[in-house]
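Student: Quick note, the sequences are listed as chains A and B, same order.
Take the first sequence: its position 48, counting from 1, is numbered 48 in the working numbering, and each next residue is one higher.
To get the working numbering, take the position in the second sequence, counting from 1, and add 1000.
There are 2 protein chains.
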Amino acid sequence: MQYQAISIDEKFKKFSEVYQPKVIAQMNDYQFKLARVRGEFVWHSHAETDETFLVIDGELTIEFRDGNVKLGSGQMFIVPRGVEHKPSAETECKIMLIEPVGTVNTGGTGGNLTAPNDAWI
Amino acid sequence: MQYQAISIDEKFKKFSEVYQPKVIAQMNDYQFKLARVRGEFVWHSHAETDETFLVIDGELTIEFRDGNVKLGSGQMFIVPRGVEHKPSAETECKIMLIEPVGTVNTGGTGGNLTAPNDAWI
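1) Please confirm whether V1071 (chain B) has its beta-carbon closer than 8 Å to some beta-carbon of chain A.
2) What did DSSP end up calling F15 (chain A) once you bin it into helix, strand or coil?
3) In whole angstroms, what is the alpha-carbon distance linking D118 (chain A) and I24 (chain A)?
4) From the DSSP output, read off the bridge partner residues of V1079 (chain B).
5) Name the chain B residues that come within less than 9 Å of F77 (chain A), Cβ to Cβ?
6) Look up L1113 (chain B) in the DSSP assignment and give the residues it is bridged to.
7) Please list, in chain order, the residues of the segment 1088-1118 of chain B that have any C-beta partner in chain A closer than 8 Å.
8) Just verifying my parser: in three-state terms, what is the DSSP assignment at E1059 (chain B)?
9) I'd like to know whether the C-beta atoms of T109 (chain A) and V37 (chain A) end up nearer to each other than 8 Å.
10) So T52 (chain A) contacts chain B; which residues on that side make the cut at Cβ distance below 9 Å?
11) Can you check whether the CB of V69 (chain A) is closer than 8 Å to the CB of I95 (chain A)?
12) Let me know the secondary structure DSSP gives I8 (chain A) once reduced to three states.
13) I'd like the list of long-range same chain contacts for K11 (chain A), defined as Cβ closer than 8 Å, with 5 residues on each side in sequence excluded.
14) What did DSSP end up calling I1121 (chain B) once you bin it into helix, strand or coil?
15) Let me confirm a value: T91 (chain A) is counted as buried when at least 16 other C-beta atoms fall within 10 Å, else exposed. Which label applies?
Shown next as structure tokens:
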């Protein structure tokens, strides 16, 4: 039997909206999500979990209350649990998020940028 | 403060041996490991956890008892817990593994390809 690889590029072709993470795989109780980022997101934090950002294409900035990190393609950063952060990108950027099932994109902040959770593509 | 991104390419420059996973980041109780693969690994399984393979560069084959999957750059696959698998690569391939802290590369099989665990670079 020929099992099927999950292609990150092919999955990105399936959606175009920004700040709407799409689940592409699950390992135990963690999910791999793809997202397009453009413009500024909202300040938020995740009280219960660290959150991994891996840039697939483009440049992502994550602001913190005491500084920031800039990530290019093939670079990653893990935001510790409870740390306020605000992702942004001047031009559209493609990222992979790795985080526990049920993690909400806006954390404890909520608001109209809150995306549907567990949206598989 | 300028926080530092983790660059996958830069981390790969720090080691050359094959089948010796190196930890580059930790999220909660999960680790991100880089490994070089060349030749055939051993059949093994992980009774307690799924295991994620993401190919950074090259081509990886994962054999199963009932088939296989072939992964190119930017492709991933999650081997379910308990499923016997044997990674291999005809020419050297760079991969990222994502799995719980303490996961041993040879699973329950052991042997001389068993690598030191929790080896950070």
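No residue lacks a Cβ here, since even glycine has one placed at the ideal position from N, Cα and C.
Tutor: This is what the structure gives:
1) Note that residue 1071 (chain B) is Leu in the sequence shown, not Val. Output row for L1071 (chain B): interface = yes.
2) Residue state, collapsed to three classes: coil.
3) Between D118 (chain A) and I24 (chain A), the alpha-carbon positions lie close to 10 Å from each other.
4) B:E1051
5) Y1003, Q1004, A1005, I1006 and A1025
6) DSSP output for L1113 (chain B) lists no bridge partner at all.
7) Of all residues in the segment 1088-1118 of chain B, only I1098, E1099 and P1100 place a beta-carbon less than 8 Å from a beta-carbon of chain A.
8) coil
9) no
10) A1025, M1027, Y1030, F1032 and I1098
11) no
12) helix
13) K22, I24, L34 and I121
14) coil
15) exposed
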